[in-house]
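In this note's numbering, the protein residues as written are 7 to 638.
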């Protein structure tokens, strides 16, 4: 988790100035410091530095923790071995300038004192630098080995402070409370990195950088910016005071406090943590804006490490191939093809006229369209006449402009694509699921579209019969009355009757054309209308009056149908929920906790239970559908 950084608080500064004016109890700013915050299993652990408090003594019972302004129950204690991981990297200037005035010898003694005084549970590393990073020791609990390595350091030319700081940040790692203690006496002269890069690295990894400065004001300002932006501090010192400075830094580690509290259940993200503590009659406050990621409900890994179903290169290759394959398929299917009239002209050109030789149609030069036609032509060879008729009828009823061959081609692409996606997501079980969904979902979607279109068709039927009856009473013939509905009606009724008129003009009897509409739409109500028209044409009578009577009957029937649909809505919704809940829960468990579910499809008993559950679920779904369905 990223390191907490102190927030600038102008209001606290104003309060402090006000307290000075009115001799009230002081509220010091940044005298205590939140150095690190991490969350594990819903428990927040926070490292609090109290070395800025007079005498370093804080009444632990007075510590109060607030999250977004709400006080939470917390426990405070001095950090002990095993409570939390702590590491420090010493970044020491080993340039030739450190030899002047005995600065390097003083620094070596100060670091030795620091290593002796630092708590035993703190891992300490070392980075020395001159023109480049000269020597480095990974953070270790063996403090004596760090002192021994420091004794072998020799001075050289150059000062690459920012490169050394970046090396120390990398060495500090990414776990626990981490800090850098930098000692340098000169400005940077040879780093590849800039100050901004070093600051960005420290902020991204959450490493606090403290600087002990011996040198020029320009260098001091740069390192002061680095310390301020990372939540650290700058300590000016002369060679004689280095020992006390480093010893104080080691004592600060020994005085750090550990605060723990349970993360609020309604906070899962960024929050402001405020800590206040009493010491020597004063109250000290610090705040940090951190991320409290609640990991109590973490999702397990979908595939255990080391047990991948396919290697990464194969998976990436398959994903790329799937992407381009689906792209080509969609381009073929969705690209605009020739209209029905153009197809008839193609047949004319290919077959000739009056025994003449067939004439060739010029190529349009449309690559995607030609590719689509080639794929559709190949699919047409697979689809027989009976299957094509049934598919075409379903497509026409659903209002789709696709031909039977195009539908089969698209359906095959969805099946293959669903199986490929399932294999990439979860191996063989998900492959089977993707295959089944690719087979079933297109037909379910087609049926759903047909049901919606049929519902609108039946709802428009009574009004349509009224218009036709009015036209007949005005002296129009039946085809003319139908044409008036086509011109003044709405889809889908107008479109279906337009097709019937076209068929009638091509020589088909108007009754047969209207009967074709009823078959395409699978509308029982429209079938009764056609039956009434046939009876009237055979036995005679007033067709307009018959249509008015049928329209009134259908209007009452539609009213009753809607009333029954409203009354049975609760039962139908219950059926949908109870039928869909088990497979949806199983799909969720497959990804969330596969080990809990895999016994059902990896053992014989589990497969039997799945089969029995499927049978019972199917019987229950059928029973509930019958209970909620009322024939009107």
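Note that beta-carbon positions come from the ideal geometry of N, C-alpha and C, so glycine has one too.
To the nearest angstrom, report how far apart residue i and residue j are at their CA atoms.
{"i": "residue 204", "j": "residue 239", "result": "16 Å"}
{"i": "residue 475", "j": "residue 468", "result": "11 Å"}
{"i": "residue 592", "j": "residue 582", "result": "16 Å"}
{"i": "residue 215", "j": "residue 135", "result": "16 Å"}
{"i": "residue 588", "j": "residue 431", "result": "21 Å"}
{"i": "residue 9", "j": "residue 37", "result": "Confidence in residue 9 is poor, its pLDDT being 38 and thus under 50, which makes the residue's placement unreliable; the coordinate value appears in the next sentence. Looking at the two C-alpha atoms, the distance is approximately 18 Å."}
{"i": "residue 97", "j": "residue 85", "result": "24 Å"}
{"i": "residue 618", "j": "residue 524", "result": "41 Å"}
{"i": "residue 219", "j": "residue 150", "result": "25 Å"}
{"i": "residue 207", "j": "residue 289", "result": "34 Å"}
{"i": "residue 411", "j": "residue 404", "result": "16 Å"}
{"i": "residue 561", "j": "residue 553", "result": "12 Å"}
{"i": "residue 423", "j": "residue 615", "result": "30 Å"}
{"i": "residue 228", "j": "residue 211", "result": "20 Å"}
{"i": "residue 396", "j": "residue 406", "result": "14 Å"}
{"i": "residue 232", "j": "residue 111", "result": "26 Å"}
{"i": "residue 556", "j": "residue 470", "result": "11 Å"}
{"i": "residue 32", "j": "residue 279", "result": "Residue placement at residue 32 is flagged as unreliable, the pLDDT there being 33, under the threshold of 50; the coordinate-derived value follows with that caveat. Rounded to whole angstroms, residue 32 to residue 279 spans 21 Å at the Cα level."}
{"i": "residue 570", "j": "residue 634", "result": "10 Å"}
{"i": "residue 370", "j": "residue 413", "result": "In this prediction, residue 370 has a pLDDT of 44, which is less than 50 and means its spatial position is unreliable; nothing more can be read from the coordinates."}
{"i": "residue 245", "j": "residue 202", "result": "29 Å"}
{"i": "residue 503", "j": "residue 603", "result": "54 Å"}
{"i": "residue 152", "j": "residue 99", "result": "15 Å"}
{"i": "residue 613", "j": "residue 563", "result": "47 Å"}
{"i": "residue 217", "j": "residue 187", "result": "6 Å"}
{"i": "residue 159", "j": "residue 117", "result": "13 Å"}
{"i": "residue 490", "j": "residue 409", "result": "29 Å"}
{"i": "residue 566", "j": "residue 534", "result": "17 Å"}
{"i": "residue 545", "j": "residue 472", "result": "22 Å"}
{"i": "residue 305", "j": "residue 610", "result": "Interpretation of residue 305 is limited by its pLDDT of 44, a score under 50 that renders its predicted location unreliable; no figure is taken from the coordinates."}
{"i": "residue 461", "j": "residue 454", "result": "11 Å"}
{"i": "residue 608", "j": "residue 595", "result": "15 Å"}
Give every residue of the same chain whose Cβ lies closer than 8 Å to the Cβ of residue i, excluding the five residues on either side of it in the sequence, and list them in chain order.
{"i": "residue 310", "result": "Unreliable placement is indicated for residue 310, whose pLDDT of 47 sits below 50; the coordinate value is still reported in the next sentence. Cβ within range, chain order: n/a, list empty."}
{"i": "residue 200", "result": "168"}
{"i": "residue 77", "result": "70 and 71"}
{"i": "residue 526", "result": "399, 402, 403 and 502"}
At least one CB of chain B closer than 8 Å to the CB of residue i: is that the case?
{"i": "residue 555", "result": "The question asks about chain B, but that chain is absent: this structure has only one protein chain."}
Going by beta carbon distance, what residues of the same chain come within less than 7 Å of residue i, once the five residues before and after it are set aside?
{"i": "residue 177", "result": "95, 131, 133, 142, 144 and 145"}
{"i": "residue 437", "result": "425, 428 and 429"}
{"i": "residue 209", "result": "235 and 236"}
{"i": "residue 487", "result": "474, 477 and 478"}
{"i": "residue 540", "result": "517"}
Judging by CA-CA distance, which residue of the options is the nearest neighbour of residue i?
{"i": "residue 630", "options": "181, 578 and 116", "result": "578"}
{"i": "residue 275", "options": "484, 624 and 297", "result": "297"}
{"i": "residue 93", "options": "74, 180 and 569", "result": "180"}
{"i": "residue 256", "options": "421, 194, 286 and 185", "result": "185"}
{"i": "residue 281", "options": "147, 568, 51 and 572", "result": "51"}
{"i": "residue 190", "options": "170, 49, 632 and 81", "result": "170"}
{"i": "residue 292", "options": "40, 513 and 277", "result": "40"}
{"i": "residue 157", "options": "120, 460, 115 and 194", "result": "115"}
{"i": "residue 147", "options": "196, 193 and 91", "result": "91"}
{"i": "residue 585", "options": "628, 594 and 545", "result": "628"}
{"i": "residue 419", "options": "538, 528, 541 and 441", "result": "441"}
{"i": "residue 416", "options": "434, 435 and 449", "result": "449"}
Taking C-beta to C-beta, are residue i and residue j nearer than 8 Å?
{"i": "residue 89", "j": "residue 126", "result": "no"}
{"i": "residue 283", "j": "residue 43", "result": "no"}
{"i": "residue 165", "j": "residue 101", "result": "yes"}
{"i": "residue 248", "j": "residue 113", "result": "yes"}
{"i": "residue 173", "j": "residue 139", "result": "yes"}
{"i": "residue 155", "j": "residue 253", "result": "no"}
{"i": "residue 271", "j": "residue 80", "result": "no"}
{"i": "residue 137", "j": "residue 162", "result": "yes"}
{"i": "residue 400", "j": "residue 484", "result": "no"}
{"i": "residue 277", "j": "residue 74", "result": "yes"}
{"i": "residue 493", "j": "residue 517", "result": "no"}
{"i": "residue 509", "j": "residue 522", "result": "yes"}
{"i": "residue 529", "j": "residue 464", "result": "yes"}
{"i": "residue 213", "j": "residue 175", "result": "yes"}
{"i": "residue 192", "j": "residue 250", "result": "no"}
Leaving out five residues before and five after residue i in sequence, what residues of the same chain have Cβ atoms less than 6 Å from its Cβ?
{"i": "residue 639", "result": "This structure cannot settle anything about residue 639, because the visible part of the chain is limited to 7 through 638."}
{"i": "residue 520", "result": "506 and 536"}
The segment 41 to 59 touching the segment 260 to 268, judged by at least three CB pairs closer than 8 Å: yes
Given 8 Å, three or more beta-carbon pairs between the segment 474 to 492 and the segment 443 to 450: no
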